[in-house]
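Novice: Protein sequence lines, in the order shown, are assigned to chains A and B. Here numbering that gives the first Met the number 0 is used: position 98 in the first sequence is 97, and no number is missing along the way. Here numbering that gives the first Met the number 0 is used: position 144 in the second sequence is 143, and no number is missing along the way. Pasting in a structure now, in structure tokens, and then I'll have a few things to ask.
Number of protein chains: 2
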Amino acid sequence: MTKGEDAEALADHLHSAAIHLLRQLRKEDDASGLSAPRLSALSVVVFGGPLTLGELARAEQVKPPTMTRIVTGLEREGLVKRKGDPHDRRLTHIEATSKGQKVLTAGRARRVKKLAAAVSRMEKEELAELRRGVQLLRDVVTSMRG
Amino acid sequence: MTKGEDAEALADHLHSAAIHLLRQLRKEDDASGLSAPRLSALSVVVFGGPLTLGELARAEQVKPPTMTRIVTGLEREGLVKRKGDPHDRRLTHIEATSKGQKVLTAGRARRVKKLAAAVSRMEKEELAELRRGVQLLRDVVTSMRG
DNA sequence: AGATATCGTTAGCTGTGCTAACGATATCTC
DNA sequence: GAGATATCGTTAGCACAGCTAACGATATCT
């Protein structure tokens, strides 16, 4: 196998694995009534503290109009709150409600449970390798953004 | 960090990485005018030979009505053809056109190019680790489906 | 003060995913 | 064989995500 074919196969496998992984995880996430983009945005808000809508859009690699609707959906569910900025009234700060934190935690628990079931069959060393691979994957994705 | 928190973090990172990876790759795939689901379905048809709409829907983990529209889109672009079955006229067989094969190949090349750029900055050993991680990821996803 | 830039929203488009319901065809049962 | 039942793909109708273009409100620069 040449180096080129190797990279091609890696790209293909990565693409396919990502698609199918998300489809599987979405089934669990559905139990919380939240779509993947909403869950992802909520996660950023919960762990990344309050931030403006534009910052959130950039963090999620999405255009502002898309984020407006995601936030509107989250707000309607009572998971997030919009707050005006006293110093710059064009800005809208988004922060998580306590319900939002609870829902996110519950969703994580569900996902972890499913993933844990799949992972429990792995050898300890394989698990470490997977963890390492995920870390590298994150680096790759980050470098693609730059 | 406890073992539980560790698994939780891994699940979260995987989830997030998969979402962001797909968003990045979709930008390249857009150049071919094909969305991720269409590209994925086309890939199955090209490499998996002719198959019925229902089989394709199952392979892509999607309900038949969804696949009907994906195939309709692909057919309108001339990438795929519907063929009736002489023995069972309820069935519709889907097969790739030569244009479909070309477009898929071109899309792969684009994706690989982008991924290769991100990966070329990695050490040779890191690349091997990533490859190993992707293999494990595929195993995990497969075991989740079962 | 007036021009310019920035932020978030609205409007309108395409596409993906679902369920429910339907027509056409096969198959099973009597 | 005829009628009930099952299967396959499609259509209709809903919710959501993604985009661009255009706008109003507010800040900032000249």
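Positions of the beta carbon are idealized from the N, C-alpha and C atoms, including for glycine. Since the model is a prediction, treat every value here as computed from it, not as a measurement.
Pick out whichever of A/Glu-59, A/Pro-85, A/Leu-114, A/Arg-109 has its Cα sitting closest to the Cα of B/Ser-15.
Specialist: Here the closest residue by C-alpha is A/Glu-59.
Novice: Does DSSP put B/His-92 in a helix, in a strand, or in coil?
Specialist: The answer is strand: DSSP assigns B/His-92 an E or B state.
Novice: Assess, as a yes-or-no matter, whether the region 84 to 103 of chain A is touched by the region 9 to 27 of chain A under the definition of 3 or more beta carbon pairs within less than 8 Å.
Specialist: These segments do not touch.
Novice: A/Leu-52 and A/Val-44 - do their beta-carbons sit closer together than 8 Å?
Specialist: Not a contact, by the Cβ cut-off of 8 Å.
Novice: Who pairs with A/Leu-50 in a beta bridge, going by DSSP?
Specialist: Per DSSP, A/Ile-93.
Novice: Give me the chain A residues within the contact set of B/Ile-93, using Cβ-Cβ distance strictly less than 9 Å, ordered along the chain.
Specialist: Those do not exist, as B/Ile-93 stays about 19 Å from chain A at its closest Cβ, beyond 9 Å.
Novice: Using DSSP bridges, identify the partner residues of B/Arg-81.
Specialist: According to DSSP, B/Arg-81 bridges with B/Ile-93.
Novice: Which residue wins for smallest C-alpha separation from A/Glu-76, given the options A/Arg-131, A/Val-102, A/Arg-57, A/Gly-83?
Specialist: With distances taken between Cα atoms, A/Glu-76 lies closest to A/Val-102.
Novice: From this set, B/Thr-104, B/Ala-127, B/Arg-57, which residue's C-alpha is nearest B/Leu-38's C-alpha?
Specialist: Among B/Thr-104, B/Ala-127, B/Arg-57, the Cα nearest to that of B/Leu-38 belongs to B/Thr-104.
Novice: Helix, strand or coil for A/Met-72? Go by DSSP, reduced to three states.
Specialist: According to the sequence shown, residue 72 of chain A is Gly rather than Met. A/Gly-72 falls in the helix class under three-state DSSP.
Novice: Could you tell me the distance, in whole angstroms, from the CA atom of A/Arg-68 to the CA atom of B/Ala-95?
Specialist: A/Arg-68 and B/Ala-95: Cα-Cα distance of roughly 37 Å.
Novice: Measuring only between beta-carbons, confirm whether B/Leu-21 sits less than 8 Å from chain A.
Specialist: Yes, contact with chain A.
Novice: Residues of chain B with CB under 9 Å from A/Ser-34, in chain order?
Specialist: The contacting residues do not exist; A/Ser-34 stays about 11 Å from chain B at best.
Novice: Could you tell me the distance, in whole angstroms, from the CA atom of A/Val-70 to the CA atom of A/Gly-99?
Specialist: Computed Cα separation, rounded: 12 Å.
Novice: Please identify, using Cβ separations under 7 Å, the residues of the region 114 to 142 of chain A that lie next to chain B, in order along the chain.
Specialist: Listed in sequence order: Leu-114, Ala-115, Ala-117, Val-118, Arg-120, Glu-125, Glu-128, Leu-129, Arg-130, Arg-131, Gly-132, Val-133, Leu-135, Leu-136, Arg-137, Val-139, Val-140, Ser-142.
Novice: For B/Ala-127, I'd like the list of residues in its chain whose CB is within less than 8 Å of its CB, leaving aside the five on either flank, ordered along the chain.
Specialist: Excluding sequence neighbours, B/Ala-127 sits near nothing in its chain.
Novice: Which chain A residues are close to B/Ala-40, counting only those with a beta carbon under 7 Å from its beta carbon?
Specialist: None at all; the shortest Cβ gap to chain A is about 11 Å.
Novice: Which residues of the region 40 to 60 of chain A have a Cβ closer than 8 Å to any Cβ of chain B? Give them in chain order.
Specialist: Under the 8 Å Cβ criterion, the region 40 to 60 of chain A contributes Ser-42, Gln-60.
Novice: Buried or exposed for B/Ser-97, going by 16 or more other Cβ atoms inside 10 Å?
Specialist: Exposed: under 16 other Cβ atoms inside 10 Å.
Novice: Using a Cβ cut-off of 9 Å, pull out every chain B residue sitting near A/Leu-73, in sequence order please.
Specialist: Correct list: empty, because the minimum Cβ distance to chain B is about 16 Å.
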